[in-house]
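Everything below concerns the one structure shown next.
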Amino acid sequence: MSWPEPPAPETYVLRLFVAGATLRSQRAISHLRHICNEHLPGRFDLEVVDVYTNPEATLEYQIVATPTLVKVRPEPPRKIIGDLSDHGRVMRGLNITAGGGISEAVQ
Amino acid sequence: MTDRLASQPVEAHSLAKTATGIDGLDAVTLGGLPEGRPTLLCGSAGCGKTLLAMTFLVNGATRFGEAGVFMSFEERAEDLVENVASLGFDIDGLVADKKLVIDHVRVEPSEIEVSGDYDFEPIFVRLGYAIDQVGAKRVVLDTIEALFSGFKDQAVLRAELRRLFGWLKDRGVTAVITGERGDGQLTRYGIEEYVSDCVILLDNRVHDQVTTRRLRIVKYRGSSHGTNEYPFLIDGSGVSVMPITAAGLQHKISSEKIPTGVPDLDTMFGLGGFYRGSSVLLSGLAGTGKSTFSGWFANSVCTRGERCLYFAFEESPDQIVRNMRSAGMDLQRHIDSGLLSFQSARPSLYGLEMHLTRMYRDIEAFKPAAVIVDPISAFRGVESEIHATLLRLADICKERGITAFFTSLSLASDHASEADRGVSSLMDTWISLTDVEASGERNRVLFVLKSRGMSHSNQMREYMLTAEGIKLIAPYVGPEGVLTGSARQAQEARERDEALSRSQVTERRQRDLDRRRATTERQVAELRAALEAEESEVALLANQESGREDTLVADRAAMAMKRGAAE
Chain F
23 MSWPEPPAPE TYVLRLFVAG ATLRSQRAIS HLRHICNEHL PGRFDLEVVD
73 VYTNPEATLE YQIVATPTLV KVRPEPPRKI IGDLSDHGRV MRGLNITAGG
123 GISEAVQ
Chain E
6 MTDRLASQPV EAHSLAKTAT GIDGLDAVTL GGLPEGRPTL LCGSAGCGKT
56 LLAMTFLVNG ATRFGEAGVF MSFEERAEDL VENVASLGFD IDGLVADKKL
106 VIDHVRVEPS EIEVSGDYDF EPIFVRLGYA IDQVGAKRVV LDTIEALFSG
156 FKDQAVLRAE LRRLFGWLKD RGVTAVITGE RGDGQLTRYG IEEYVSDCVI
206 LLDNRVHDQV TTRRLRIVKY RGSSHGTNEY PFLIDGSGVS VMPITAAGLQ
256 HKISSEKIPT GVPDLDTMFG LGGFYRGSSV LLSGLAGTGK STFSGWFANS
306 VCTRGERCLY FAFEESPDQI VRNMRSAGMD LQRHIDSGLL SFQSARPSLY
356 GLEMHLTRMY RDIEAFKPAA VIVDPISAFR GVESEIHATL LRLADICKER
406 GITAFFTSLS LASDHASEAD RGVSSLMDTW ISLTDVEASG ERNRVLFVLK
456 SRGMSHSNQM REYMLTAEGI KLIAPYVGPE GVLTGSARQA QEARERDEAL
506 SRSQVTERRQ RDLDRRRATT ERQVAELRAA LEAEESEVAL LANQESGRED
556 TLVADRAAMA MKRGAAE
């Protein structure tokens, strides 16, 4: 008797809203790329949205602050506000449980 | 207040203002909110911030051709539309016509995780985007603190709030930002009141289980403004603010008379009625017919083709109409012709100020020639407040040349009860109705306590409420004061008896006199007859005497002749 195969891990759909190419925006982008590459290798769909050039998107996702990372999928939807410098908090927010082993950022 | 403020010279380089379209508010702010600047509208929950802000936008779109943006942080757009539909606002229509944008900013603290630095730039982006969509001149942010409830970093919130106000100013939009009242300060963060150019505080106070909404301009940079607390009202016809008139005694006066509606009562006034535009107090005990007098007054106003507004605080309009029918008048035809309007409300429905605001609005809308308030004693509250309320009401009427007719229930038979005494100085004419108890019955008596600027009767007059109207009865003053009712009738009967017996005595004496005259005349006749008899006897004797003398002379001559022959 064997356990059924676990379902294939879902692809993470992420949207990162930033306001222009500020230092804070760049910081958020690099932190996020680092986390994704390390913990979600090959299974994330990340799109960076500049609220200045795409204001309608703020309405759709109810964005009130920048930077905001929106986890569109998997459910439940989740928003992480800030420059994502606290990796542990970001991972908790994204519900990533050491998919690629425990990251050094968790400690 | 409005008069005084309005009569001030226009400030040399006056601030540009954006009218809210709420008449009273524009009067109090001398024209509206500061144009192109943020205004803070603060107050505790349920005091009408959202409705007032929405009215500002809707009036802008429908009356001043200025598009608006409503950014809601609390209510969903659908709920907002539904909530203000009760005021007759067609939000969906305005949105479809590109005159209004409603943006609901939803913040779910449970969905949010904070990690690192952030700012609220998307709010600015969203707001800018919405403003550009319709070319908005007016912006409402309702309530900005709801946004911040999901965040804990006070320093960021303060900085962003400050930046938001600056940004709104840079955009040149006239903004209304609503805020919840905080502890000991006007808002939770204590920033908004400093960075706003105008702060309006709304308040919803409960006193004796009665709520009164009040509005106060806390500050207004670069402009004078009314400083009092002004009552305001939210009901089916929107928001009304009452600009309190602080006893502006500059109203024009009239020497024209307006009849009392009771012809007999007219005769007690030198003028034959009240002065037009004066205030009249009719005070009286229970059941002395105050409402009947009011009814006749209303009837006479409407019969002349003028409008009359009747504020009833104790009876429903139908009840008044029915009761007045029994008193001999048909008020229904005046209601049907639109000349008479009843406004009924229980006094406890709202506070004094709210009643005043409602009456102000109704007077403004109906433009009556006469206003009846029946009765003012129904208002409960601190005497000074009642006094202030009636003062303002009397002033509102006087300013417009409206004759105000107040009734007041006196509690003791002492004609000046507490309430009456408080308001009597406001009144130009004061008629007191009372009843006199005597011989096991009560009879109604009225007298004119005062009537400024005209002579008036000083008599206490008994009156009767008959099916043909109110009849004053000719006064009867007996040795123990005015007699009324059956005592008066008894006295009248007694007087009739006395008069009768007096006339009988006179008659008897007349008869006696006649009889004595006849007797005397008879005696005179007898005496005269006796005298005449005597006279004729004397004449006879005199005749005989003279006859004898003649005979004697003749005899002597004859004898002499005989003797002469012999001598």
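As they're listed, the protein sequences go chains F and E.
The working numbering numbers the first residue of the first sequence as 23 and each following residue consecutively.
The working numbering numbers the first residue of the second sequence as 6 and each following residue consecutively.
Ideal Cβ placement from N, Cα and C applies to all residues, glycine included.
Let's test the definition: count the other Cβ atoms within 10 Å of the Cβ of residue i and tell me whether it reaches 16, buried, or not, exposed.
i      : result
E:D502 : exposed
E:R553 : exposed
E:H212 : exposed
E:N463 : exposed
E:S12  : Bear in mind that a pLDDT of 42 at E:S12, under 50, signals an unreliable position, so the number given afterwards is only what the model happens to contain. It counts as exposed.
E:D202 : buried
E:M564 : exposed
E:Y199 : exposed
E:E513 : One detail in the question is off: residue 513 of chain E reads as Arg in this sequence, not Glu. By the neighbour-count rule (16 or more Cβ atoms within 10 Å), E:R513 is not buried but exposed.
E:R466 : buried
E:I258 : exposed
E:G282 : buried
F:G122 : Here F:G122 scores only 45 on pLDDT, less than 50, and its place in the model should not be relied on; the value that follows carries that caveat. The residue is exposed, with fewer than 16 neighbouring Cβ atoms inside 10 Å.
E:E79  : buried
F:V73  : buried
E:N548 : exposed
E:V529 : exposed
E:D84  : exposed
E:D102 : exposed
Find the nearest neighbour of residue i within the set the options, judged by alpha-carbon distance.
i      : options                           : result
E:T55  : E:G187, E:R176, E:L206 and E:S284 : E:L206
E:G37  : E:E79, E:S229, E:A50 and E:G189   : E:S229
E:G155 : E:E116, E:R312 and E:E537         : E:E116
E:L20  : E:L454, E:G386, E:Y225 and E:S349 : E:Y225
E:D379 : E:A303, E:A495, E:T412 and E:E83  : E:T412
F:S107 : F:E82, F:E97, F:V92 and F:S52     : F:S52
E:V441 : E:A291, E:L545 and E:T408         : E:A291
F:M113 : F:L54, F:A41, F:V35 and F:E32     : F:L54
E:L173 : E:I136, E:V33, E:L162 and E:T192  : E:I136
F:I10  : F:E82, F:D105, F:R65 and F:V70    : This structure gives no information on residue 10 of chain F, because the portion of chain F shown stretches from 23 to 129.
E:V161 : E:E126, E:D175, E:G187 and E:Q138 : E:E126
E:R457 : E:K372, E:N304 and E:V285         : E:V285
E:T408 : E:L45, E:G278 and E:D102          : E:G278
F:G110 : F:I85, F:H56, F:P77 and F:L81     : F:H56
E:L92  : E:G70, E:S429, E:F61 and E:G386   : E:F61
E:E358 : E:H339, E:E540, E:V215 and E:V529 : E:V215
E:R404 : E:K372, E:S389 and E:G243         : According to the sequence as given, residue 404 of chain E is Glu; it is not Arg. The candidate whose alpha carbon is nearest that of E:E404 is E:K372.
Show which residues of chain F have a CB atom less than 7 Å away from the CB atom of residue i.
i      : result
E:E126 : A41, V73 and T88
E:S382 : Under the 7 Å cutoff, chain F gives no residues; its nearest Cβ is about 56 Å from E:S382.
E:G121 : G104, D105, L106, S107 and D108
E:Y194 : Simply none; closest approach about 17 Å.
E:Y134 : P77
May I ask you to list the residues that DSSP assigns as paired with residue i?
i      : result
E:V285 : E:F410 and E:T434
E:R453 : With the sequence shown as reference, residue 453 of chain E is identified as Val, and Arg is not the correct amino acid for it. Per DSSP, E:I436.
E:L470 : E:I475
E:Q348 : E:F316
E:I182 : E:L45 and E:L146
E:H212 : E:V215
Name the chain F residues that come within less than 8 Å of residue i, Cβ to Cβ?
i      : result
E:L152 : V86
E:V130 : A41, V73, Y74, P77 and T80
Any C-beta of chain C sitting closer than 8 Å to the C-beta of residue i?
i      : result
E:I117 : Of the chains in the structure shown, none is chain C; the protein chains are F and E.
Residues of chain E with CB under 9 Å from residue i, in chain order?
i      : result
F:R46  : G121, D122, Y123 and D124
F:R111 : E118, V119, S120 and G121
F:R100 : E116, I117 and E118
So which residues on chain F does residue i lean against when the C-beta distance must stay under 9 Å?
i      : result
E:R111 : Q84 and V86
Give me the chain E residues within the contact set of residue i, using Cβ-Cβ distance strictly less than 7 Å, ordered along the chain.
i     : result
F:V35 : Chain E residues near F:V35: none, gap ~16 Å exceeds 7 Å.
What does residue i touch in chain E if you count any residue whose Cβ is under 8 Å from its own?
i      : result
F:G115 : E118 and S120
Regarding residue i and the ligand FMN, is the C-beta to nearest heavy atom distance less than 7 Å?
i      : result
E:C313 : The ligand FMN is not part of the structure shown, which contains no ligands of any sort.
If you pair each beta-carbon of the segment 60-69 of chain F with each one of the segment 70-89 of chain E, do three or more pairs fall below 8 Å? no
Contact between the segment 140-156 of chain E and the segment 171-188 of chain E is defined here as three or more beta-carbon pairs at a separation below 8 Å; is this criterion met?
yes
Meets three-Cβ-pair contact criterion under 8 Å: the segment 517-525 of chain E and the segment 488-499 of chain E:
no
- prompt: When the Cβ atoms of the segment 228-244 of chain E are set against those of the segment 349-366 of chain E, are three or more pairs found closer than 8 Å?
  reply: yes
task: Evaluate contact between the segment 373-391 of chain E and the segment 309-320 of chain E, counting only Cβ atoms and requiring at least three cross-stretch pairs below 8 Å.
output: yes
Spell out a yes or no on whether the segment 340-349 of chain E and the segment 314-332 of chain E are touching, meaning 3 or more CB-CB pairs, one atom from each, closer than 8 Å. yes
For the 8 Å Cβ check, are there 3 or more pairs between the segment 69-76 of chain E and the segment 99-114 of chain E? yes
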